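Encoded as structure tokens, the structure appears first; notes follow it.
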Amino acid sequence: MVQTISPALARRIALGAQGFGRASAVTPGIRQLDTLVNRLALLQIDSVNVFERSHYLPAFSRLGVYDKAQLDRLTSGRESRFTEYWAHEASFLPRDAWPLFGWRMRDFRDRSATEAWAQGNRPMLDWLLAELAANGPLRASAIEHDANRRSGPWWGWSDVKTGLETLFRWGDVAIMGRERFERVYGLPEQVFPPGLLERTVSRDDAHRELVSRSARAHGIGTVTDFADYFRLRGPATRAAIRDLEDAGELLPVEVPGWGAGGAPGAAWLHRDARLPRRMDAATLLSPFDPVVWERARALRVFGFHYRIEIYTPEPKRVFGYYCLPVLLGDTIVGRVDLKNDRQARVLRVRAAWAEPGAPTDTAERLASVLREAAAWQGLPEIEVEPRGNLAGALAAELRR
15 MVQTISPALA RRIALGAQGF GRASAVTPGI RQLDTLVNRL ALLQIDSVNV
65 FERSHYLPAF SRLGVYDKAQ LDRLTSGRES RFTEYWAHEA SFLPRDAWPL
115 FGWRMRDFRD RSATEAWAQG NRPMLDWLLA ELAANGPLRA SAIEHDANRR
165 SGPWWGWSDV KTGLETLFRW GDVAIMGRER FERVYGLPEQ VFPPGLLERT
215 VSRDDAHREL VSRSARAHGI GTVTDFADYF RLRGPATRAA IRDLEDAGEL
265 LPVEVPGWGA GGAPGAAWLH RDARLPRRMD AATLLSPFDP VVWERARALR
315 VFGFHYRIEI YTPEPKRVFG YYCLPVLLGD TIVGRVDLKN DRQARVLRVR
365 AAWAEPGAPT DTAERLASVL REAAAWQGLP EIEVEPRGNL AGALAAELRR
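Everything in the sequence shown is counted per the working numbering, starting at 15 for the first residue and increasing by one.
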């Protein structure tokens, strides 16, 4: 008989699996950050830096103020514990996940075989591999070559950069880390230990393991949820869920309101998921946080309709350029459009919005969250612009 999980409990399970509700008096350090990233299975990377780069935010959301240099130690250099690949978009992920994407690397290579650029630039690709073999890991900007001419669109990518990214997708090049946010490319044998490079994983086994990691990070979810975490396509996700269900790792459940038209919907609960009776969270979420990055899940689980408006022309924006969802308890109660004015040393709240039904103390609790965020960023001042239905109350709380 399929167990029924209430929508409220499903929300708490999802947040618990994501590392919320685990308050600690210990100042977060390498150990806590390492544990968190392994729990999440990845950190999505994005270049937008209007408030803070996205991969730094999930740790702040769950652990509070921490030293970003500690996370940099985990993601860069020869002592790093994480690497990069195209998991859920570009992502940091545990090094042991690298072989799980061998099938994706092969797919990228097969598709590139018919692309004019890859066909016409094989000498360039061979030269880049030779440069890395001779000189060790390098940034694209550090490689000098006649072909390194700026010829791309506004990204300004060069042929060298395009070549390195092609080799990275194929798995012929790996990422040692980043310097000033620029990738450092190396041959896989320069980045990973021999034991990891010798490991081969079939497509079916890789999908099963990726779905397992996704399900553990979700706590509870649907086929679509589990597939989206690592951008899996086709019937492989359902097949993996069947295998994991047979093994007792996933338990079939039903959640009222998760189906079409508000009907009960099929879902799966990970056997190790916590079932929190309450969730005491008060924080901001990155637009690229796993809690909200799949917009249909954010709507289904939290009743939160979310679209990032970075690429929307300003006159058509509804809430703001870089709005961060506000999580209080087990509910997303609002959103704030933040800008880190580093020159003026001010955290600018360009807009503040409360969701319908937000609790009466939302402004008070959000003010505390913003003070913590400003302290984390080394900003002594917070200024609220008069935009949004929460802006006035928030400004008043911050003046107290």
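Note that the Cβ used here is the ideal one computed from N, Cα and C, for glycine as well. This one's a predicted model, so the numbers in the text were calculated from it and none came from an experiment.
Query, Result
"First through last residue of the alpha helix (DSSP H) which encompasses residue 135", "Here residue 135 belongs to no alpha helix (DSSP H), and DSSP marks it neither H nor E."
"Residue range of the unbroken beta strand (DSSP E) whose run includes residue 351", "345-355"
"Check whether residue 290 and residue 204 have beta carbons under 8 Å apart", "no"
"Same chain, Cβ closer than 7 Å to residue 402, five either side skipped, listed in chain order", "365, 366, 367"
"Cross-strand partners of residue 69 (DSSP beta bridge)", "Answer by DSSP bridge pairing: none, since residue 69 is not bridged."
"Within 8 Å, strictly: CB atoms of residue 74 and residue 352", "no"
"Pick from 47, 361, 53 that is closest to residue 94, judged by C-alpha positions", "47"
"Inter-residue Cα distance where the pair is residue 346 and residue 88", "30 Å"
"Sequence-distant residues of its chain with Cβ nearer than 7 Å to residue 168 (five each side left out)", "Note that residue 168 scores a pLDDT of 35, beneath 50, so its modelled location is shaky and nothing firm can be said."
"Alpha-carbon to alpha-carbon, residue 141 and residue 119", "20 Å"
"Those runs of the alpha helix (DSSP H) which lie wholly inside the segment 255-326 and span at least 4 residues", "309-316"
"Secondary structure of residue 207, DSSP reduced to three states", "coil"
"Candidates 245, 237, 265, 243: closest to residue 253 by CA position", "237"
"Among 298, 225, 331, nearest to residue 244 - alpha-carbon criterion", "225"
"When 146, 214, 193 are compared against residue 111, the one with the closest alpha-carbon", "214"
"Extent of the continuous beta strand (DSSP E) to which residue 116 belongs", "Premise fails: residue 116 lies in the alpha helix (DSSP H), 116-126, not in any beta strand (DSSP E)."
"Coil, strand or helix - residue 391 by DSSP", "coil"
"Buried versus exposed, by CB contacts within 10 Å (16 or more), residue 61", "exposed"
"N-terminal and C-terminal residue of the alpha helix (DSSP H) that residue 182 is part of", "173-184"
"Residue 188 in three-state terms, based on DSSP", "strand"
"Sheet register partners of residue 97 (DSSP bridge)", "107"
"Of the residues 355, 306, 341, 311, the one placed nearest residue 375, counting alpha carbons only", "341"
"Classification of residue 137 by the beta-carbon crowding that lies within 10 angstroms, buried from 16 upward", "exposed"
"Cβ shell of residue 263 (< 6 Å), same chain only, five flanking positions each side left out", "285"
"C-alpha distance - residue 336 paired with residue 300, whole-angstrom precision", "9 Å"
"Through-space distance from residue 83 to residue 394, alpha-carbon basis", "20 Å"
"Spatially closest choice to residue 410 from 356, 381, 385, by CA coordinates", "381"
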